[in-house]
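There are 2 protein chains.
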Amino acid sequence: MAGSSFIKVGASENIYEDKMHHGHFNMCGYAAPKLDTVRIGFIGLGNRGPSHVSDMTCIEGVEIKALCDIRPEKVNTVKKSLEGSAHNPEAYTGGKDDWKKLCERPDIDVVYIATPWSLHTPIAVYAMNNGKHTCTEVPAAKTIDECWQLVETSERTRKHCMILENCCYDFFELLTMNMARQGLLGEIVHGEGAYIHDLLAGNFSKEKYYDMWRLKENLRNGNLYPTHGLGPVAQVMNINRGAKMDYLISMQSKDFMMGKMANELAAKDDFYKPFADKSYRGNMNTSTICTDKGLTIKLQHDVTSPNIYSRIYKISGTKGSSLKYPLPGKFSIEGNENWLNQQTYSDMEKKYTPDIVIKVGEMAKKVGGHGGMDFLMNWRTIDCLRNGLPLDIDVYDAAAWSAIAPLSEWSVANHSKPINIPDFTSGSWKTNQPVGNTLQKGGTTKVM
Amino acid sequence: MAGSSFIKVGASENIYEDKMHHGHFNMCGYAAPKLDTVRIGFIGLGNRGPSHVSDMTCIEGVEIKALCDIRPEKVNTVKKSLEGSAHNPEAYTGGKDDWKKLCERPDIDVVYIATPWSLHTPIAVYAMNNGKHTCTEVPAAKTIDECWQLVETSERTRKHCMILENCCYDFFELLTMNMARQGLLGEIVHGEGAYIHDLLAGNFSKEKYYDMWRLKENLRNGNLYPTHGLGPVAQVMNINRGAKMDYLISMQSKDFMMGKMANELAAKDDFYKPFADKSYRGNMNTSTICTDKGLTIKLQHDVTSPNIYSRIYKISGTKGSSLKYPLPGKFSIEGNENWLNQQTYSDMEKKYTPDIVIKVGEMAKKVGGHGGMDFLMNWRTIDCLRNGLPLDIDVYDAAAWSAIAPLSEWSVANHSKPINIPDFTSGSWKTNQPVGNTLQKGGTTKVM
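Just so you know, the protein sequences line up as chains A and B, in that order.
If you read the first sequence in our numbering, its first letter stands for residue 8, the second for the next number, and so on.
If you read the second sequence in our numbering, its first letter stands for residue 8, the second for the next number, and so on.
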């Protein structure tokens, strides 16, 4: 037969063996018991946390029960913003382990985690072990071992562990997924995503990230922030749900800027002394992933160079393709040498905009948060929990998407050699069903 | 020291050992004796050839001496187009080896080669051995062995072997290179290029490519057409001239379309029977290259999927970046969150447009040929030959840029493992001088 039969020799490095656990409880498609009211505790109120809290005040059936941050002023600011609302959360602050007390409360259903990356998994595991669903900011885990901790804990406790990948709820990404599901792009061949965002000044800021955590993260190499690019592509490709990511290769440029800046700052300001003379993440990481069905995914990561923000969201199929960045979202359909014109695009948009955008999109745009996608994500999550529906994004997604960082770190450190991507579903990907984010079910939760 | 000191372990596969020849004659920067009149023979008049011939009729000091194509009608058409001009070339046609006779003529200085890919190296080697300079269409060679044949022959005969990489003469690529040379983008970190061009119908056309040669080429995997993307990036990065490409990794999607189309056509039309049930190149190839100085280059190749044409020309530096496709060429400079606006871009363009564009650009646009870049390239080549100047693009560029195809083919076939990129300069890259295409010298040849 023609087609896919080029013989490949050799194999990826198999550093992390799959922890197949037969008879495991499959959390993909798992519907937890309905919650009429969703009682939430928020941990981490620095950058992303307050925005999630604010979203929740606009969603029916939510009770904000507790707020936690090690810095009292962060808790106070959010608490103050809730004055006069129906919410009067208890504050947990000042101690390094206060988040544990929040997780232990019996009157909380969901813990939202927006802390520095290194606390995402420890808190999520602790919260699930205390009977809470968890929604964690990206990346959900920093190591392959942490990925497995999330999976094992979620399966054992039957608690959701969702990764708050807001880009899966971007209007254009949702439109593309719906068009792809309807077959307009044909068979999907290739996808791209990126996180190209100049954060150099922010990473060296003394105020922006608690205890300089984000600068310290950059002492690792690899694609450290893969999920914004990967999440929407993985959903279109049905990764973990009929398909799986097989192996990846990763290459990184040298660091041309961070080490230099650290040294320059340290020469003028003792505060930066601990950051001098260190090896920082190279500017640009380019990783490519091959799926079991021979689809490819290209992911890039550069948060140092002075580039224009881009997630390079591209889906390329046998009948058409979509692309966003540097242009606004565009579609091309076979037989055309140019992008669909404005009129045709508008017609497509009218026909294929998914129900969730029609229902909640306008409100989401008003509430804001990355153009509305944050609100769509939070509303959808609450709506699923209140209707006893599976979440669109499960613990296997959280694990597989986050795993790209440590896997790419290994490949970069090993001369860009290929490395296998673990199957966190223990084989269940073969029969797991695709989930659209398109309100096939639910949608009853009101927006206030 | 901070920066580039992440320790990498392992190594690329070293399939093709460097053929270091000490005491070799270095063709980089080589100035051949001046030619007052440049007498040209053209081989291959199917698609690209006639356009080169037409360009040459507008350039002072050129004599078109001979035309060769296996198909008489192709030669006749071009010969007819020259009626009434100063040129009355002799025709070579009908026989498979007629090109040899052309190469043997004593009254020709340069052989232009625009044949199917598999003849580029055999003809170039034969022509150089017969004392001719050679300008060959892309790619110059199909295998690493052919790359070395070109290098060894050029060094031994001291004849130029230029690859006709027209994209190096695109106005935006030239502007970017000039701005990069002036330091406006800072240190260069990362570059990108691509050949994304839907040629599916063309490759299966019975007429477009002689004896279906281009379809047959697609029975190989890999990035088969890397030079349009790589050439301009390599020039900005001074590859072979102070820097070198170290190793590459390559990943390819499955073939989703060509095999299927071949089988469908064969079912209806016996002509296509020999093309049925074969393995074709996968739709999308993504290759990444690491240089000796830790810069990275990403190259893509998809000539099957219905995408909008793109060469994704990107240069990313420590102070700014350039990007062309899907937008027209844009620059961003550090401190700005958006692309330079139209006014600032125009000011930059005015200040940094290189002399060659100022001098010949208007005429080039009139003559046409990919927006003028073809003419700029051909004029510049003739001008260098007439003034006894080194060409902008030499045999080492021809070899290194073309080598990406077989190297990526190997990597794809070997599970995307890294592979070393041979040093075709035998170490001379360390001291070779960068060449700008900016008319530091020459420029005397008139346009007619």
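Each residue gets a CB set at the ideal place from its N, CA and C atoms; glycine is no exception.
Fair warning: this is a prediction, and the values are worked out from it, not measured in the lab.
Nearest chain B C-beta to residue i closer than 8 Å, yes or no?
i: M34/A; result: no
i: W386/A; result: no
i: M252/A; result: no
i: N290/A; result: yes
i: N345/A; result: yes
i: C297/A; result: yes
i: L330/A; result: yes
To the nearest angstrom, how far is the alpha carbon of residue i from that of residue j?
i: L52/B; j: A269/A; result: 58 Å
i: H127/B; j: V145/B; result: 8 Å
i: G48/A; j: A93/A; result: 15 Å
i: P281/B; j: K358/B; result: 56 Å
i: P313/A; j: G301/B; result: 18 Å
i: G443/B; j: G450/B; result: 13 Å
i: Y23/B; j: N230/A; result: 30 Å
i: G10/B; j: N343/B; result: A caution first: G10/B carries a pLDDT of 36, below 50, which makes its placement in the model unreliable, though a value can still be read off. Each residue's Cα considered, the two are about 25 Å apart.
i: M8/A; j: D276/B; result: Low per-residue confidence applies at M8/A: pLDDT is 33, beneath 50, and the placement is therefore not dependable, though the value from the model is reported in the following sentence. Going by the C-alpha atoms only, they are around 18 Å apart.
i: V240/B; j: R387/A; result: 45 Å
i: I195/B; j: I322/B; result: 7 Å
i: K107/B; j: K424/B; result: 40 Å
i: S12/A; j: A420/B; result: Because the pLDDT of S12/A is 43, which lies under 50, any placement of that residue in the model is unreliable, and the number read from its coordinates should be weighed accordingly. So the alpha carbons of these two residues sit roughly 11 Å apart.
i: G375/B; j: D381/B; result: 8 Å
i: T143/B; j: I115/B; result: 15 Å
i: K372/A; j: T360/A; result: 15 Å
i: F278/A; j: R78/A; result: 20 Å
i: A134/B; j: L396/B; result: 20 Å
i: A250/A; j: Q242/A; result: 10 Å
i: T160/A; j: V132/A; result: 6 Å
i: Y99/B; j: M455/B; result: 27 Å
Against chain A, with Cβ distances strictly below 8 Å, would residue i count as a contact?
i: S125/B; result: no
i: I66/B; result: no
i: N314/B; result: yes
i: A18/B; result: yes
i: T44/B; result: no
i: M355/B; result: no
i: L334/B; result: yes
i: G10/B; result: Confidence is the limiting factor: at G10/B the pLDDT is only 36, short of 50, which leaves the residue's position unreliable, though a coordinate-based value still follows. Yes, its Cβ sits closer than 8 Å to a Cβ of chain A.
i: S293/B; result: Reading the sequence as shown, one finds Thr at residue 293/B and not Ser. Chain A contact via Cβ: present.
At a CB-CB cut-off below 7 Å, which residues of chain A make contact with residue i?
i: S5/B; result: Past the boundaries of the shown model lies residue 5/B; chain B is included only from 8 to 455, so the question cannot be answered.
i: I151/B; result: Simply none; closest approach about 18 Å.
i: I256/B; result: I256, M258, S423
i: L396/B; result: Chain A residues near L396/B: none, gap ~33 Å exceeds 7 Å.
i: F263/B; result: E194, V196, T325
Just to confirm the assignment, what range does the alpha helix (DSSP H) spanning residue i have?
i: H59/B; result: 56-63
i: M34/A; result: Per DSSP, M34/A belongs to no alpha helix (DSSP H) and is neither H nor E.
i: A18/A; result: It is not in any alpha helix (DSSP H) - A18/A carries neither H nor E in the DSSP assignment.
i: D114/B; result: Run containing D114/B: none; DSSP gives neither H nor E here.
i: S353/A; result: 349-359
Applying a beta-carbon distance threshold of less than 8 Å, which residues of chain A neighbour residue i?
i: G327/B; result: P313
i: S339/B; result: P313, N314, I315
i: F211/B; result: Those do not exist, as F211/B stays about 13 Å from chain A at its closest Cβ, beyond 8 Å.
i: L222/B; result: The premise fails here: L222/B is roughly 13 Å from chain A at the closest Cβ pair, so nothing lies under 8 Å.
From what residue to what residue does the beta strand (DSSP E) around residue i run?
i: V145/A; result: Counting along the chain, V145/A falls outside any beta strand (DSSP E), and DSSP gives it neither H nor E.
Quick check: is the beta carbon of residue i nearer than 8 Å to any beta carbon in chain E?
i: S19/A; result: In summary, chain E is missing from the structure at hand, where the protein chains are A and B.
Consider the C-beta atom of residue i and the heavy atoms of the ligand NAD; say whether any pair is separated by less than 7 Å.
i: L191/A; result: Absent from the structure shown: the ligand NAD. Ligands present: none.
- Validate contact between the stretch 111-129 of chain A and the stretch 213-229 of chain A using beta carbons, cut 8 Å, 3 pairs: yes
- Item | Cβ pair count under 8 Å reaching 3, the stretch 250-269 of chain B against the stretch 199-216 of chain B | yes
- Any chance the stretch 285-292 of chain A sits against the stretch 148-165 of chain A, with 3 or more Cβ pairs inside 8 Å? no
- Touching or not, the stretch 179-190 of chain A and the stretch 290-299 of chain A, by the rule of three or more beta carbon pairs under 8 Å? no
- Any chance the stretch 78-88 of chain A sits against the stretch 403-410 of chain A, with 3 or more Cβ pairs inside 8 Å? no
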